[in-house]
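With the numbering used here as the guide, the letters of the sequence shown map in order to residues 425 to 531. Each residue gets a CB set at the ideal place from its N, CA and C atoms; glycine is no exception. Written out below as structure tokens is the structure these notes cover.
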Amino acid sequence: LLAENQRIDEENRVQRAVEQRRQRLIAQRNRQAHNAIFKRATAENDELDRLRAEKRMLLENERQLKARKDVERSNARTAQILAERQRKQLERDLAMQQQEEQLAQQQ
Numbered sequence: 425l426l427a428e429n430q431r432i433d434e435e436n437r438v439q440r441a442v443e444q445r446r447q448r449l450i451a452q453r454n455r456q457a458h459n460a461i462f463k464r465a466t467a468e469n470d471e472l473d474r475l476r477a478e479k480r481m482l483l484e485n486e487r488q489l490k491a492r493k494d495v496e497r498s499n500a501r502t503a504q505i506l507a508e509r510q511r512k513q514l515e516r517d518l519a520m521q522q523q524e525e526q527l528a529q530q531q
């Protein structure tokens with residue numbers, strides 16, 4: 425009877441040890457799965473943050489490029505207006521010089 429009780433106790437102890445080991449493995453796997461999900465979510469957030477920053481930079485570069493194009497267009501128009509004014513002034517000066525020469529020839 426004592427040997428039977430010892431055998432039953434030993435079987436129970438072994439079963440408890442096996443069950444505890446199984447529970448530890450399940451808990452470890454759950455932690456690993458949770459960590460993997462967390463790492464993936466963190467990596468996705470990092471990637472999204474990087475992409476958002478890149479988009480902001482691209483939009484800013486695009487805005488600056490548009491501003492430069494507008495300034496260049498304005499400068500080109502200003503240069504065109506100044507060139508036209510100079511041409512007209514030269515025409516007036518030439519016409520005046522021709523009139524003075526004609527007056528000088530008549531005298």
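Looking at the backbone, the Cα of glutamine 530 and that of glutamine 521 are separated by about 14 Å. When DSSP states are grouped into helix, strand and coil, glutamine 531 belongs to the coil group.
Secondary structure of leucine 425 (DSSP, three-state): coil.
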